[in-house]
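Undergrad: Here the protein sequences line up with chains A and B, keeping their order. Here the first sequence is numbered in this note's numbering, starting from 11 and rising by one per residue. Here the second sequence is numbered in this note's numbering, starting from 11 and rising by one per residue. Don't be surprised by glycine CBs; every beta carbon is placed ideally from N, CA and C. Model, not experiment: these values are computed from the prediction.
Protein chains: 2
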Amino acid sequence: MVNVAILGYGTVGSGVVEVLTTNKESINKRAGKKIKLKYVLDLRDFPGTPIEDILTKDYEDILNDDSVKVIAEVMGGIEPAYTFVKKALLKGKSVVTSNKELVARHGAELLQIARDKNINFLFEASVGGGIPIIRPLNQSLTADEIYEITGILNGTTNFILSKMADEGLDFKTVLKEAQEKGYAERNPEADVEGFDACRKIAILSSLAFGMQVDFEDIYTEGITKISDVDMIYAKKLGCDIKLLATSKKLDEKVYAMVSPMMIGKDHPLSNVNGVFNAIYVKGNVIGDVMFYGKGAGKLPTASAVVADIVDAVKHLGRNIVSLWSTKKMELMSVDNVLSRCFIRLVPENVKTVRNQVADIFGDVEYIKIENIQDEVAFVTNAEKEGILRNKLDELKTKGVATEVLSVIRIDK
Amino acid sequence: MVNVAILGYGTVGSGVVEVLTTNKESINKRAGKKIKLKYVLDLRDFPGTPIEDILTKDYEDILNDDSVKVIAEVMGGIEPAYTFVKKALLKGKSVVTSNKELVARHGAELLQIARDKNINFLFEASVGGGIPIIRPLNQSLTADEIYEITGILNGTTNFILSKMADEGLDFKTVLKEAQEKGYAERNPEADVEGFDACRKIAILSSLAFGMQVDFEDIYTEGITKISDVDMIYAKKLGCDIKLLATSKKLDEKVYAMVSPMMIGKDHPLSNVNGVFNAIYVKGNVIGDVMFYGKGAGKLPTASAVVADIVDAVKHLGRNIVSLWSTKKMELMSVDNVLSRCFIRLVPENVKTVRNQVADIFGDVEYIKIENIQDEVAFVTNAEKEGILRNKLDELKTKGVATEVLSVIRIDK
């Protein structure tokens, strides 16, 4: 029998209790040992619930109980999670977590402690909810040199973009509905500004390339500027707009980026709609593989946490190899990345605008939508991001546009 | 350092050597030990190749070399593979294999020997080529009770069906092209009759449900009867035709089936085209997850074999838990499974056929294609397969049809 404790009885924490109860028998079989939930830590009371008798408000109860071998941290946020997790690992307890902020910021350090102590720090639930991606990266794609990971890593933004595309609604209307349905938080910044996806691609990149990728170094753009009019253009171009998080190796250097992207219907991620997530991995021998599923939600996330508990129980006193080292990876600037952009602008002079655009961007592809007046939309050729940015500035400085309405990368 | 041997220097075997060489450094890092290829077994000579010096024609050389800890069997077929693998395991050597016939027929027994000897028998490459599916089933979806696995598990048939759909060609023409391109074998029976997919779903079902599913018990139908005219109807219905292998739990009983299926555009497998494979798993807590990638090919398959070698090296003298027991699972008859069918027939009497069909199938949905004369096509309501089969017989016995042209299941 192995005793485990759960830190936090919120959505995920109560899901973990539910999964451990519902699938008890098969879970114990898979783990090869009986798993016993000994403590749940939460500052609140839960009278009348099944965890009433094992609830504690004092973390020291758990930390100092040597019979507890595995701790599931599902509180979220950096503190007190970081302090709790570090203390547990230093005490020789394995820790599993769903906390992407914690893993992105302190993953390398916590993995190193786990290695030193010959225990495990596991975090399958921190990326892609229930989708198995961390363990496959760590244990299945071991024959490959990975050179690209691209994913739809945030269900909230994917829900919003899918609904905008399907129903022709604008961002604010859909965000409000998502908030009412509980798909978006009251403060939606972490999702809609791309910060959540940024932390997740930082975690995946660190694992795939074996060094610490700091999320602060990742170029990140959210979806707040995407409009219902952009969606009309995307359709005309045969594209969907998705918030993609990507990390690529080019000539032994890695760059990473989170940004909305127009992608064609034959792109493997174009059919990933609603709250679903998908992650696309390219390796030098395996080619392309994709992992798809619900990226969030109580039970899918709890499923991943419990799978990590099972793995931790199977590997008590034995560290599972992970390549993620504490050595910092210097990312390549996105300035050197080739991109094409979809651009909408309000011209200063309707008669000369095409010539002016040609002077700056060369021969571009124009898109005309009936009923949309007073603006010009086109797709540039592929150029380095740094150069594109300068050219975008020229649209204003050279008197081409009174306003640049949209700039969206396109991969088609 | 760990010595390994490869049995068979065909397509996959030479791929394994290539992967071990190309990605040597990262593979050793992942394994935590240096992997040394000590032998390649093959009856042929390969003068001037890098394996010339380590080639042997005598399996005893490998078997009796105690320094060889891991063997990769990539010969295919039941014998001598089975004898070689069993002997190796009994000698305490871990074995990894890409051989689906071997795993489907003898997997349970070989896993049991590995358990008894505290070593490993791994077979990620036997299903889905490079796609990680065996290890995720075994190690990632451990919190779930799995109740459905459905997949496109054969790249050859998927290539043929995709091309028939895209180019309006008939089965024989596309098969011939696939054979010329090396996508189909000269004797294509194993692929086009569904036998290959049948073995693969037997393996996945055994793993997911923890008991031996014999492939001979699985209802199996191939794609040889699918015509270019069926494809026209499928398009009209907004469907693709795919060869699906499925295994489902209904009221604590499991049924399994391989058959062509018309699926709607919103089905998660409808966008899986060409030589790609995808596997869809439903669990009671994780919901739906899907795994996608190239299901065959030298390097993707070799990637999975090498990942298993790495895992075997990491787990020398320690068995990785798998639930697949030698206990045989009695499958539920497909007679009790609810299906809808698309049916095309040549009527005996054009004037009465609709009434006659209504007498047998009730109120059905007719599909009319311009330019297709002299036949009637409709989709039935959902009924048990056993009842549907009787009703199909009645089409002949009751003088409704002079010929039944097509019967294809539909999931839409």
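Give the residues of chain B in contact with Leu-333/A, contact being defined as C-beta atoms less than 9 angstroms apart.
TA: Neighbours of Leu-333/A on chain B, chain order: Ser-36, Lys-39 and Arg-40.
Undergrad: Spell out whether any CB of chain B is found under 8 angstroms from the CB atom of Ser-150/A.
TA: Ser-150/A counts as touching chain B.
Undergrad: Starting from the Cα of Leu-341/A, find the closest Cα among Leu-260/A, Asp-321/A, Thr-407/A and Ala-312/A and give me that residue.
TA: Looking at the Cα atoms, Leu-260/A is the closest of the given residues.
Undergrad: Look up Ala-41/A in the DSSP assignment and say whether it is helix, strand or coil.
TA: Three-state result, Ala-41/A: helix.
Undergrad: Hey, quick one: how far does the alpha helix (DSSP H) through Tyr-92/A stretch, first residue to last?
TA: Residues 91-100.
Undergrad: I believe Asp-250/B touches Ser-269/B by the beta-carbon criterion, under 8 angstroms. Please report the beta-carbon distance rounded to the nearest angstrom.
TA: 14 angstroms between Cβ atoms; not a contact.
Undergrad: How far does the alpha helix (DSSP H) with Asp-250/A in it extend, from its first residue to its last?
TA: Asp-250/A -> not in any alpha helix (DSSP H); beta strand (DSSP E) instead, spanning 249-260.
Undergrad: When the cut-off is 8 angstroms and only beta carbons count, does Val-316/A lie next to chain B?
TA: Yes, Val-316/A lies at the interface with chain B (some Cβ there is under 8 angstroms from its Cβ).
Undergrad: In angstroms with no decimal places, state the Cα-to-Cα distance between Val-26/A and Thr-311/A.
TA: Rounded to whole angstroms, Val-26/A to Thr-311/A spans 8 angstroms at the Cα level.
Undergrad: By a C-beta neighbour count over all protein chains shown, 10 Å radius and 16 as the cutoff for buried, is Leu-17/A buried or exposed?
TA: Classification of Leu-17/A: buried, given that the 10 Å Cβ count is 16 or more.
Undergrad: Using the rule of at least 16 other Cβ atoms within 10 Å of the residue's Cβ for burial, across every protein chain shown, is Asn-365/B buried or exposed?
TA: Result: exposed.
Undergrad: Out of Val-363/B, Asn-359/B and Glu-395/B, state which residue places its alpha-carbon closest to the alpha-carbon of Val-344/B.
TA: For the residues Val-363/B, Asn-359/B and Glu-395/B, the minimum Cα distance to Val-344/B belongs to Glu-395/B.
Undergrad: What are the residues that DSSP puts in a beta bridge with Ala-15/A?
TA: Note: Ala-15/A sits in a beta bridge opposite Tyr-49/A and Ile-81/A.
Undergrad: Could one say the Cβ of Asn-287/A lies closer than 8 angstroms to chain B's Cβ atoms, at least one of them?
TA: By this cut-off, Asn-287/A is not an interface position.
Undergrad: What's the gap between the Cα of Gly-232/B and the Cα of Gly-204/B?
TA: Approximately 5 angstroms between the Cα atoms of the pair.
Undergrad: With the cut-off set at 8 angstroms, would you say Ala-91/A and Gln-222/A are in Cβ contact?
TA: No.
Undergrad: Output the distance between the C-alpha atoms of Ile-64/B and Tyr-49/B, rounded to the nearest integer angstrom.
TA: When rounded, the distance between both Cα atoms is 5 angstroms.
Undergrad: Please check the pair Ile-213/B and Ile-228/B, which I expect to be a contact at CB under 8 angstroms, by giving their CB distance rounded to whole angstroms.
TA: Between Ile-228/B and Ile-213/B the Cβ distance is about 11 angstroms, and since that is not below 8 angstroms, they are no contact.
Undergrad: DSSP puts Ala-387/B in a beta bridge; with which residues?
TA: Paired residues: Arg-354/B.
Undergrad: Looking at the secondary structure, which residues open and close the alpha helix (DSSP H) in which Leu-120/B lies?
TA: Here the alpha helix (DSSP H) through Leu-120/B covers 110-127.
Undergrad: Find the residues of chain A that neighbour Thr-32/B, judging by a C-beta separation of less than 9 angstroms, and give them in chain order.
TA: Those are Glu-155, Asn-294 and Val-295, listed as they occur along chain A.
Undergrad: Just to confirm, is the Cβ distance from Ala-175/B to Leu-185/B under 8 angstroms?
TA: It is not a contact, given that the beta carbons lie outside the stated cut-off.
Undergrad: Starting from Phe-301/B, find everything on chain A with Cβ-Cβ shorter than 8 angstroms and list it in chain order.
TA: In chain order: Val-299, Met-300, Phe-301 and Tyr-302.
Undergrad: To the nearest angstrom, how far is the alpha carbon of Ser-108/B from that of Asn-38/B?
TA: Computed Cα separation, rounded: 21 angstroms.
Undergrad: Starting from Asn-438/B, find everything on chain A with Cβ-Cβ shorter than 7 angstroms and list it in chain order.
TA: Residue 438/B is absent from the model: chain B starts at 11 and stops at 422.
Undergrad: Could you check which residue in Met-11/A, Leu-171/A, Ser-150/A and Glu-413/A has the C-alpha nearest to that of Val-291/A?
TA: Taking only the C-alpha atoms, the option nearest Val-291/A is Ser-150/A.
Undergrad: What number of angstroms, rounded off, separates the C-alpha of Asn-359/B from the C-alpha of Ala-411/B?
TA: Those two C-alpha atoms are separated by around 8 angstroms.
Undergrad: According to DSSP, which residues form a beta bridge with Asn-287/B?
TA: Asn-287/B pairs with Gly-303/B.
Undergrad: Since Lys-324/B meets chain C, which of its residues come closer than 7 angstroms, beta carbon to beta carbon?
TA: Note that chain C does not occur in the displayed structure, where the protein chains are A and B.
Undergrad: Give the DSSP-derived three-state secondary structure of Tyr-376/B in the structure shown.
TA: Tyr-376/B falls in the strand class under three-state DSSP.
Undergrad: Determine the direct distance from the alpha carbon of Lys-408/B to that of Thr-160/B, and round the result to whole angstroms.
TA: Thr-160/B and Lys-408/B: Cα-Cα distance of roughly 36 angstroms.
Undergrad: Roughly how many angstroms separate the alpha carbons of Phe-286/B and Leu-171/B, rounded to a whole number?
TA: Looking at the two C-alpha atoms, the distance is approximately 12 angstroms.
Undergrad: By the 8 angstroms beta-carbon criterion, what residues does the stretch 123-152 of chain A contribute toward chain B?
TA: Answer set for the stretch 123-152 of chain A: Glu-134, Gly-140, Ile-141, Pro-142, Arg-145, Pro-146, Gln-149, Ser-150, Leu-151 and Thr-152.
Undergrad: Would you mind sorting Met-267/A into buried or exposed? The rule is 16 or more other CB atoms within 10 Å of its CB.
TA: Buried.
Undergrad: In three-state terms, what does DSSP make of Ser-104/B?
TA: In this structure, Ser-104/B counts as strand in the three-state DSSP scheme.
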